[in-house]
Amino acid sequence: MHSVEIKHTTRQIIALTKSNMMSRYRKTIAGFLWVVLNPIIMYAVQSFVFRKLLKIEVPNYSLFLLCGLLPWIFITMTMDMVTPILDLSSDLLKSFKMNPVVLVLSQILDNFFNFLFAFLIVLIPTWAFMGGEWKGIFFLPFILLSLVGTTAAVCWLLATLQVFYKDVKFVVSFILSILFFLTPIFYPVDYVPENYRFLVSLNPIYALIEPFRFSIYNFDLSLLLKGLAKSYFVMIVTTIISYYYWRKKKNEFYLSL
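Residue numbering for the sequence shown follows our numbering, starting at 1280 and increasing by one per position.
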């Protein structure tokens, strides 16, 4: 992209992100409160079920669950929404001169700002009440960058694949429903038998969630830096794969819409 094209694309992304955020809650009674209610209710219900009913013995379990569940909700909700977005917007992309990345990134940013708002509203009182380590808060911007960067790269790849293979969105939903139980979100990684822990280390979603735990729940600088290195490695690899797949399929893209 030339600098002029980059500026134009950036302006389109910002404008469409604002439009998405405003239109999502137009004519709703609670408005922006729906941003917070969905993840908070899920968080509260699962915290009660896993801690009180299933008796998962983890100190400060509410804070532990928060570090895994809310990032998971952002990742999965974004993948579900973005995977079919280019396929569903075929008429728009054919009629107007618009870079497809605008549609993808604007939806991701909309979801990210909603996630961030809900995450902070739940995190601050929970963290303060349970006496979390405040040193970890300084690493949150780096953790959030790897989260949104990797999610964007994966979503771009999935949205492109969906244009060529219409069943991708169903495969994604199926895999995510399985990964919810295979990813240490509501249980610690120590619960996984040692023979199978290598599978957890291969899980890219856990690579994004793990730094939240070492930053917010159980601050450990050395483990946090290792977790960040792993999450940025995942981000770089997924970005490279997405970029080269797009380059390979770019000429066929509009013909397949």
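Yeah, the Cβ is synthetic: ideal placement off N, Cα and C, and Gly gets one too.
Item                                                                                                : Value
Assigned exposure category for A1431 - 16 Cβ within 10 Å defines buried                             : buried
Contact check, L1382 vs I1364, beta carbons under 9 Å                                               : yes
Three-state secondary structure (DSSP) of N1299                                                     : helix
Cutoff 6 Å; reference N1378; Cβ partners in own chain excluding five residues on either side        : T1288
Same chain, Cβ closer than 7 Å to Q1386, neighbours up to 5 away in sequence not counted            : N1299, M1360, V1361 and I1364
Where M1514 falls, given that 16 or more other Cβ within 10 Å makes a residue buried                : buried
Closest Cα partner of F1498 within the set T1296, I1400, M1358 and W1413                            : W1413
Closest residue to T1405 among L1507, I1319, I1520 and L1342 (Cα-Cα distance)                       : L1342
Cβ-Cβ separation, L1502 to S1425 (assumed contact under 8 Å), whole Å                               : 15 Å between Cβ atoms; not a contact.
Rounded C-alpha distance that separates L1399 from I1457                                            : 28 Å
Per-residue burial, R1476 [other beta carbons within 10 Å of its own, 16 or more giving buried]     : exposed
Cα-Cα separation, L1388 to L1423                                                                    : 12 Å
Of the listed residues F1327, F1392, V1451 and K1376, nearest to I1293 (C-alpha basis)              : F1392
Where M1321 falls: helix, strand or coil (DSSP)                                                     : helix
Backbone CA spacing between V1433 and S1521 [nearest angstrom]                                      : 7 Å
For I1403, three-class secondary structure by DSSP                                                  : helix
Neighbourhood of V1479 by C-beta, 7 Å cutoff - its chain only, sequence neighbours within 5 removed : P1463, V1468, V1471 and Y1485
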